[in-house]
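> Sharing a structure here in structure tokens format.
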Amino acid sequence: MAIVWLPEDEISFPHPDGIHNTDGIVAVGGDLSVDRLMLAYRWGIFPWFNEDEPPIWWSPDPRCVLFPKDIRVHKSMRSYFNQQKYQVTYDTQFERVMRECKQKVRKGQEGETWISQDFIDAYVRLHKIGIAHSVEVWDGEQLVGGLYGVSLGKCFFGESMFANAPNASKFGFITLVRELEKLGFWLIDAQVVSQHMLTLGATTIPRAAFLQYMRKNNAEKTYQGDWNLLINGISKEIT
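At position 48 of the sequence shown the residue is numbered 1401 (the working numbering), and the sequence of numbers has no breaks.
Right under this line is the structure:
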């Protein structure tokens, strides 16, 4: 199947329903504008590319997802919660969390991650309109972990996480999933399969099943605002 190149002056994608390649690439090109990113997530598409590449848009098959009720808290993590080892906040340090994720070198990786300055600028724009959110994990006054992603309807699309202290990112993720379950969220998108996510209770579903969730989700209202207010029960306003 030929690669579809996207123009920058038109907000569109080929629908992933019609993608038959095995690597999950939907299209190449376009930009990281708010409108394009919003359309992408609504259609189950996300950007992932290196700094020296044009935007590459993906919809993998199978898709790695976590249903909130399936979150696993292993014995090794329970003591962290029993002792309240860390504290968790929301949407207080969005750009800083992104930059920490950018700097975190993972096994088999050389240098910084794919999170370029263009990515940071794009997701900060989403954050400013209340669509992209961060989770911060603190040990006292020190930021030791966190994650960020995009929230639409009843789905949270996870992008990246980091930890500078033992199990800090797991602590933040588990805390977030528990809160999202209370708020009636159906699904956390983990994008591609990783052993780390599988140990936390994630599973894989066919792309077709994931896109069915997206169609259903697009009919749901989105909370657009500060998650610190939403999760702490100060504001329940839905837009």
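Every residue gets a Cβ at the ideal spot worked out from N, C-alpha and C, and that includes glycine. All figures in this text were calculated on a predicted structure; none of them were measured in a lab.
Express the C-alpha separation of F1563 and D1370 in angstroms, rounding to a whole number.
In the sequence shown, counting from the first residue as 1, residue 1370 sits at position 17. In the sequence shown, counting from the first residue as 1, residue 1563 sits at position 210. Near 10 Å, if we compare the C-alpha coordinates of F1563 and D1370.
> Among all the DSSP beta bridges, which residues are the ones paired with H1486?
By one-based count along the sequence shown, residue 1486 stands at place 133. H1486 is bridged to G1502.
> So what does L1540 bridge to, in DSSP terms?
If you number the sequence shown from 1, residue 1540 lands on position 187. C1508.
> Terminal residues of the continuous beta strand (DSSP E) containing Y1443?
Locating residue 1443 in the sequence shown gives position 90, where the first residue counts as 1. Note, Y1443: beta strand (DSSP E), 1440 to 1443.
> Please classify A1516: is it buried, with 16 or more other beta-carbons within 10 angstroms of its beta-carbon, or exposed?
Within the sequence shown, residue 1516 is the residue found at index 163, counting from 1. It is buried - the Cβ of A1516 has at least 16 other Cβ atoms within 10 Å.
> Quick one: using the 10 Å Cβ neighbour count with 16 as the cut-off for buried, is N1585 buried or exposed?
Within the sequence shown, the letter at position 232 stands for residue 1585. N1585 comes out exposed.
> Start and end of the alpha helix (DSSP H) containing A1518?
Position 165 of the sequence shown, counting from 1, holds the residue named residue 1518. Premise fails: A1518 is in no alpha helix (DSSP H) and is neither H nor E.
> Between A1485 and the rest of its own chain, which residues show a CB-CB distance below 6 Å, the 5 nearest in sequence each way excluded?
What you label residue 1485 is simply residue 132 of the sequence shown in a count that begins at 1. The residues are Y1476, L1479, V1503.
> Whole angstroms is fine: what's the gap from P1413's alpha carbon to L1392's?
Taking the first residue of the sequence shown as 1, we reach residue 1413 at position 60. Taking the first residue of the sequence shown as 1, we reach residue 1392 at position 39. In a straight line, the C-alpha of P1413 is about 17 Å away from that of L1392.
> Helix, strand or coil for S1412, going by three-state DSSP, please let me know.
Here residue 1412 is taken as the residue at index 59 of the sequence shown, counted from 1. Note: S1412 maps to coil in three-state DSSP.
> To the nearest whole angstrom, what separates the beta carbons of V1387 and I1356, a pair I think is in contact under 8 Å?
Locating residue 1387 in the sequence shown gives position 34, counting from the first residue. Locating residue 1356 in the sequence shown gives position 3, counting from the first residue. About 24 Å separates the two Cβ atoms, so there is no contact after all.
> Which residues share a DSSP beta bridge with M1514?
The count along the sequence shown starts at 1 and reaches residue 1514 at position 161. According to DSSP, which records beta bridges pairwise, M1514 is partnered with L1500.
> What are the residues that DSSP puts in a beta bridge with A1380?
As a position in the sequence shown, residue 1380 is number 27, starting the count at 1. DSSP output for A1380 lists W1410 as bridge partner(s).
> Could you check what DSSP says for D1423 in three-state terms: helix, strand or coil?
Along the sequence shown, one-based indexing puts residue 1423 at 70. In this structure, D1423 counts as helix in the three-state DSSP scheme.
> Out of W1580, L1359, F1472, W1401, which one is the CA nearest neighbour of E1532?
On the sequence shown, residue 1532 is found 179 positions in, with the first residue counted as 1. The shortest Cα separation from E1532 among W1580, L1359, F1472, W1401 belongs to W1580.
> Take S1469 and list the residues in its own chain whose beta-carbon comes closer than 7 Å to its own, dropping the five residues that flank it on each side.
For the purposes of this step, residue 1469 is taken as residue 116 along the sequence shown, with counting starting at 1. Contacts found: E1404.
> At which residues does the beta strand (DSSP E) containing I1558 begin and terminate?
Taking the first residue of the sequence shown as 1, we reach residue 1558 at position 205. 1556 to 1558 is the span of the beta strand (DSSP E), which, as asked, contains I1558.
> Would you report the Cα separation of W1539 and H1368, rounded to the nearest angstrom?
For this step, residue 1539 is matched to residue 186 along the sequence shown. For this step, residue 1368 is matched to residue 15 along the sequence shown. Going from the Cα of W1539 to the Cα of H1368 covers about 22 Å.
> Given this structure, state the Cα-to-Cα distance separating Y1394 from V1418, to the nearest angstrom.
The residue labelled residue 1394 in the question sits at position 41 within the sequence shown. The residue labelled residue 1418 in the question sits at position 65 within the sequence shown. Distance between the alpha carbons of Y1394 and V1418: 14 Å.
> Assess contact between the region 1488 to 1499 and the region 1425 to 1437, defined as three or more Cβ pairs (one per stretch) separated by less than 8 Å. Is contact present?
Cβ pair count under 8 Å is below three, so no.
> Around the C-beta of S1522, are 16 or more other C-beta atoms found within 10 angstroms, so that it is buried, or is it exposed?
Looking up residue 1522 in the sequence shown gives position 169. It is buried - the Cβ of S1522 has at least 16 other Cβ atoms within 10 Å.
> Relative to the alpha-carbon of A1543, which residue among G1537, G1554, R1449, A1518 has its alpha-carbon at the smallest distance?
For the purposes of this step, residue 1543 is taken as residue 190 along the sequence shown, with counting starting at 1. Closest option to A1543, Cα to Cα, is G1554.
> Specify the secondary structure class of Q1446 as computed by DSSP and reduced to three states.
Your numbering for residue 1446 matches position 93 in the sequence shown. Q1446 falls in the coil class under three-state DSSP.
> Compute the distance between the beta-carbons of P1559 and P1415, then report whether it is under 8 Å.
By one-based count along the sequence shown, residue 1559 stands at place 206. By one-based count along the sequence shown, residue 1415 stands at place 62. Contact flag set, yes.
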